[in-house]
Amino acid sequence: QKEVEQNSGPLSVPEGAIASLNCTYSDRGSQSFFWYRQYSGKSPELIMSIYSNGDKEDGRFTAQLNKASQYVSLLIRDSQPSDSATYLCAVNGAGGFKTIFGAGTRLFVKA
Amino acid sequence: DGGITQSPKYLFRKEGQNVTLSCEQNLNHDAMYWYRQDPGQGLRLIYYSQIVNDFQKGDIAEGYSVSREKKESFPLTVTSAQKNPTAFYLCASSIGIDSTTYEQYFGPGTRLTVT
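Chains A and B supply the protein sequences, listed in that same order. In the working numbering, each residue's number is its place in the first sequence (first place is 1) plus 7. In the working numbering, each residue's number is its place in the second sequence (first place is 1) plus 128.
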């Protein structure tokens, strides 16, 4: 069974701090990696995609991928109360059509 | 505006009734998906379709049925055979199987309550 694991949290950080969200996956052949943000009662929103080892930055968000360690992370710099949400890690395996979602990490940013 | 629409937003049904959830997209995406989300849990794949007139079972297809007669539309029927249908249902789409990426974009969801 291919799995994507995330710490359920909640992760609590003060406003302005860096929030670090982590995800591990079991399928070594995985090729596409995504982070979604989901506010309470709403649908997931794609915020980052990453396909190769290293870092990818988009505004206050940085995704980091380490395929050797089967690990992907999301850093949120200068965290804001509006970043409080559940963050879902998602992974596509080799042949890549089906996406496996983690259960999500709840993030609280305290003002 | 391009996007995915789902209707209705909230749906209430009595046990034993079939119910159909609507999903429409105008993104010109080939692939469409249905997920179920239960409180505090991740998304579980019910069905997916890579192309018109073709669809595949996901991980929890029992008690559900779909059709894909048009590229834009992928309705989901929750049948009376589904043992625990109360959940948040999410429709998504992606460019398709000939893309190197599989970024999925979600509709707003339908919250189904069966009593």
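C-beta atoms are modelled at their ideal positions from N, C-alpha and C, and glycine is treated no differently. The structure presented is a predicted model; accordingly, all values stated were derived computationally and were not measured.
| said: Under 8 Å, Cβ to Cβ, is there at least one residue of chain B near K105 of chain A? | reply: Closer than 8 Å to some Cβ of chain B, the Cβ of K105 of chain A qualifies, so yes.
| request: Can you have a look at Q232 of chain B and say buried or exposed, based on whether 16 or more other CB atoms are within 10 angstroms of its CB? | output: With 16 or more other Cβ atoms within 10 Å, it is buried.
| task | Would you identify the three-state DSSP class for P88 of chain A, choosing helix, strand or coil? | result | Correct three-state label for P88 of chain A: helix.
| query | Of the choices A:A26, A:E12, A:M55, whose alpha-carbon is the least far from that of S89 of chain A? | reply | Ranking the options by Cα distance to S89 of chain A, first place goes to A:A26.
| message | For a cutoff of 8 Å on Cβ pairs, would you count Y217 of chain B as touching chain A? | response | Not closer than 8 Å to any Cβ of chain A, the Cβ of Y217 of chain B fails to qualify, so no.
| said: Tell me which residues share the same chain as S208 of chain B and place their Cβ nearer than 7 Å to its Cβ, disregarding the 5 neighbours each side in the sequence. | reply: Residues G144, Q145, N146 of the same chain have their beta carbon placed closer than 7 Å to that of S208 of chain B, with the five preceding and five following residues left out of the count.
| field | Any C-beta of chain A under 8 Å from that of Y138 of chain B | value | Contacts with chain A at 8 Å (Cβ-Cβ) do not include Y138 of chain B.
| said: In the DSSP assignment, the beta strand (DSSP E) including I188 of chain B goes from what residue to what residue? | reply: The continuous stretches of beta strand (DSSP E) do not include I188 of chain B, and DSSP gives it neither H nor E.
| query | Apart from the five residues just before and just after F183 of chain B, which ones in its own chain have a Cβ nearer than 7 Å to its Cβ? | reply | The beta carbon of F183 of chain B sits closer than 7 Å to the beta carbons of Y175, Y176, S177, V194, R196 from its chain, once the five residues preceding and following it are set aside; these are given in chain order.
| request: Anything in chain B within Cβ reach of L53 of chain A, meaning under 9 Å, just list it in chain order. | output: Here the neighbours are E231, Q232, Y233, F234.
| request: Identify the contact partners of Q178 of chain B in chain A, using a Cβ-Cβ distance below 9 Å as the criterion. | output: Within chain A, the residues near Q178 of chain B are F104.
| Do C30 of chain A and Q13 of chain A come within 8 Å of each other at the CB atom, strictly closer than that value? | The Cβ-Cβ distance between Q13 of chain A and C30 of chain A falls below 8 Å.
| query | Between the C-alpha atoms of V180 of chain B and G224 of chain B, what's the straight-line distance to the nearest angstrom? | reply | So the alpha carbons of these two residues sit roughly 11 Å apart.
| task | Just tell me which of A:C96, A:T112, A:G100, A:F104 has its CA closest to the CA of L53 of chain A. | result | Shortest Cα-Cα distance from L53 of chain A to any of A:C96, A:T112, A:G100, A:F104 involves A:C96.
| field | Touch test, the stretch 71-80 of chain A against the stretch 136-143 of chain B, Cβ-Cβ under 8 Å, three pairs minimum | value | The stretch 71-80 of chain A, when compared against the stretch 136-143 of chain B, does not touch it at the 8 Å Cβ threshold.
| In terms of DSSP beta bridges, what is R172 of chain B paired with? | Its beta-bridge partners are B:R164.
| Would you say L240 of chain B reaches chain A, if we count a Cβ-Cβ gap shorter than 8 Å as a contact? | Among the residues facing chain A, L240 of chain B is not included, as its CB has no counterpart in that chain under 8 Å away.
| task | Classify A118 of chain A as helix, strand or coil using the three-state DSSP reduction. | result | Secondary structure of A118 of chain A (DSSP, three-state): coil.
| request: With distances taken Cα to Cα, identify the nearest neighbour of Y78 of chain A among A:S19, A:S39, A:Q87. | output: Here the closest residue by C-alpha is A:S39.
| 7 Å CB neighbourhood of Y138 of chain B in its chain, flanking five on each side removed | Excluding residues within five positions, the ones whose Cβ falls inside 7 Å are R239.
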